[in-house]
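Reading through the structure tokens given below for one structure.
Numbering (this note's numbering), first residue to last: 233 to 661.
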């Protein structure tokens, strides 16, 4: 009989690891760098325990990612932030990415970190505050090689004199970000205008102090624009020749300006997401007519409801002005009672020739089985000749017994012989 294998004692494990590390040393330096870069900073540092030859191997990486995810449980700042100074001191290579959840305790180090990151040609800077608004130092504007800048819960300083922009920035996301007074509106305008490579722009709940001023969003290569705001921050849509998709949720619909004119700035998009569920503060209809046609629009997603006249009229207005629309998705709010009756005769009067002529797929989620909703579904089925599927799901708080209504829904007349009606039960969150 052969002898049993030697047990793996701690010393034996160390010897095996050292042997494997020595075997790795035979690989080209570029391959080793790629391996260390792929395992992440924390595990790359741990390789220093493999053998004497590996003790400082990670420090020679030509580039690294400083990635500090949120702790398990979703609370507090990222772990390991205390090591940032040591890592930057010991590893002189380029920093491609900095990603962290930050609290006020570590915010005081941001200025020094950003100065070093700018010298190391950082490409992506993603900072999320977990402790109120964090004042961002002006050194962030010296990171001229950025391709991605994502800020959450930060207060931006004034632009420094001689700011040259972000010539390589492709993705800019500002969420719960506050701009200071003294030309703050034009500060955001300048950041966008001096980022000629910008392709994606997200502005969610941005706060701009000071007197209201209109300004222009202009970006020659912008493809995706996403705006969510409680009020009017003075946007005007300028030249956006590359714009492909827009996602707009402005809760007061620019009450002192022309919301329809604002939307006309997105006339060239192929994909539009729009929220028309909010009640206008001035009681007027959100949209009755549009000064443009969405000739390229293929996909339309509406967050809306069929309980108030303003939202109903806005839906029909958009459909009338999207002659090439192929996909329509309607997300209906929970808990909104029907305040206005828009019966079949009323809705049929809103329909025009060639409306929804190319519509093929319709999805309606969150339905309450209100008469206005059912009349709209019946109208769509009876008018759209190229329709292939119409799917319906009811809202979370819908208490109406729906068996009889569903049977009625499934038997509505259809203009398309290929149309299928699918009932999918309760809407998924």
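Just so you know, even glycine gets a beta-carbon here, dropped at the ideal spot from N, CA and C.
Subject >> Integer-rounded CB distance, given that residue 442 should sit under 8 Å from residue 414 >> reply: Contact between residue 414 and residue 442 holds, since their C-beta atoms are separated by about 7 Å, short of 8 Å.
Original post:
Since residue 436 sits in a beta bridge, which residues does DSSP pair it with?
Top reply: DSSP output for residue 436 lists 407 and 460 as bridge partner(s).
Subject >> Residue range of the unbroken beta strand (DSSP E) whose run includes residue 345 >> reply: Per DSSP, residue 345 belongs to no beta strand (DSSP E); it is in the alpha helix (DSSP H), 342-351.
Original post:
Do three or more CB pairs link the region 626-643 to the region 538-546 at distances below 8 Å?
Top reply: The count of Cβ pairs closer than 8 Å, one atom from the region 626-643 and one from the region 538-546, stays below three, leaving the stretches out of contact.
Subject >> Three-way DSSP call (helix, strand, coil) for residue 657 in this model >> reply: In this structure, residue 657 counts as strand in the three-state DSSP scheme.
**OP:** Starting from residue 556, follow its DSSP beta bridges and name the residues at the other end.
**Re:** Residue pairing by DSSP leaves residue 556 without any beta bridge partner.
Original post:
In angstroms, rounded to a whole number, what distance separates the CA positions of residue 283 and residue 318?
Top reply: Confidence at residue 283 is low in this model, with a pLDDT of 48, below 50, so the placement of that residue should be treated as unreliable; the coordinate-derived value is given next. Between the alpha carbons of residue 283 and residue 318 lies a distance of about 21 Å.
Original post:
When you compare only the Cα positions, how much space is there between residue 563 and residue 325?
Top reply: Each residue's Cα considered, the two are about 48 Å apart.
Original post:
Starting from residue 586 and walking both ways along the beta strand (DSSP E), at which residues does that stretch end?
Top reply: That residue, residue 586, is in no beta strand (DSSP E); it is neither H nor E in DSSP.
Original post:
Since residue 479 is in the alpha helix (DSSP H), which residue starts that stretch and which ends it?
Top reply: First-last for residue 479: 477-482, but that is the beta strand (DSSP E), not the alpha helix (DSSP H).
Original post:
Secondary structure at residue 281, three-state DSSP: helix, strand or coil?
Top reply: For residue 281, the pLDDT reaches just 47, beneath the cut-off of 50, and the residue's location in the model is therefore unreliable, leaving the point undetermined.
Original post:
Of the residues 484, 388, 578 and 574, which one's Cα is nearest the Cα of residue 463?
Top reply: Taking only the C-alpha atoms, the option nearest residue 463 is 484.
Subject >> As assigned by DSSP and simplified to three states, the class of residue 488 >> reply: It is coil, neither helix nor strand.
Original post:
Is the beta carbon of residue 310 sitting closer than 9 Å to the one on residue 334?
Top reply: Yes, the Cβ-Cβ distance between residue 310 and residue 334 is below 9 Å.
Original post:
Between which two residues does the alpha helix (DSSP H) containing residue 416 stretch?
Top reply: Going by DSSP, residue 416 is part of the alpha helix (DSSP H) stretching over 416-425.
Original post:
Taking DSSP as the reference, what is the three-state secondary structure of residue 395?
Top reply: Judged by DSSP in its simplified three-state form, residue 395 adopts coil rather than helix or strand.
Original post:
At what residues does the alpha helix (DSSP H) containing residue 339 begin and finish?
Top reply: It spans 336-339 - the alpha helix (DSSP H) in which residue 339 sits, taken as one unbroken run.
Original post:
In whole angstroms, what is the alpha-carbon distance linking residue 609 and residue 653?
Top reply: The straight-line gap from Cα to Cα measures roughly 10 Å.
Original post:
residue 642: buried (16+ other C-beta within 10 angstroms of its C-beta) or exposed?
Top reply: Residue 642 counts as exposed, since fewer than 16 other C-beta atoms from the protein chains shown sit within 10 angstroms of its C-beta.
Original post:
Should residue 346 and residue 381 be called a contact, given that it needs their Cβ atoms to be closer than 9 Å?
Top reply: No, these two residues do not count as a Cβ contact at 9 Å.
**OP:** Return the first residue and the last residue of the alpha helix (DSSP H) that residue 639 is part of.
**Re:** Going by DSSP, residue 639 is part of the alpha helix (DSSP H) stretching over 635-642.
Subject >> Inter-residue Cα distance where the pair is residue 435 and residue 456 >> reply: The alpha-carbon atoms of residue 435 and residue 456 are separated by roughly 11 Å.
**OP:** Would you grab the beta carbon distance between residue 449 and residue 466 for me? Rounded to a whole angstrom, and I think it's under 8 Å.
**Re:** Contact between residue 449 and residue 466 is ruled out by a C-beta separation of about 10 Å, above the 8 Å threshold.
**OP:** Between the Cα of residue 558 and those of 433, 440 and 621, spot the shortest distance and give me the residue it belongs to.
**Re:** Taking only the C-alpha atoms, the option nearest residue 558 is 621.
Subject >> Closest by C-alpha distance to residue 590, when choosing among 579, 556, 360 and 581 >> reply: Just measuring C-alpha positions, the residue of 579, 556, 360 and 581 sitting nearest residue 590 is 556.
**OP:** Using beta-carbon positions only, say whether residue 454 and residue 492 come within less than 9 Å of one another.
**Re:** Against a cut-off of 9 Å, the Cβ pair of residue 492 and residue 454 comes out as no contact.
Original post:
Since residue 401 contacts residue 386 with CB under 8 Å, what's their CB separation in whole angstroms?
Top reply: In this structure, residue 401 and residue 386 do not form a Cβ contact; the two beta carbons are roughly 16 Å apart against a cut-off of 8 Å.
Subject >> Beta-carbon proximity list for residue 656, same chain, < 6 Å, skipping 5 on both sides >> reply: Correct list, in chain order: 623 and 625.
Subject >> Per-residue burial, residue 650 [other beta carbons within 10 Å of its own, 16 or more giving buried] >> reply: Residue 650 should be labelled exposed.
**OP:** For the alpha helix (DSSP H) holding residue 319, just list the boundary residues, first then last.
**Re:** Looking at the DSSP string, the run of the alpha helix (DSSP H) that includes residue 319 is 316-322.
Original post:
Would residue 616 be called buried (16 or more neighbouring beta carbons within 10 Å of its own) or exposed?
Top reply: Residue 616 is buried by the Cβ-count criterion.
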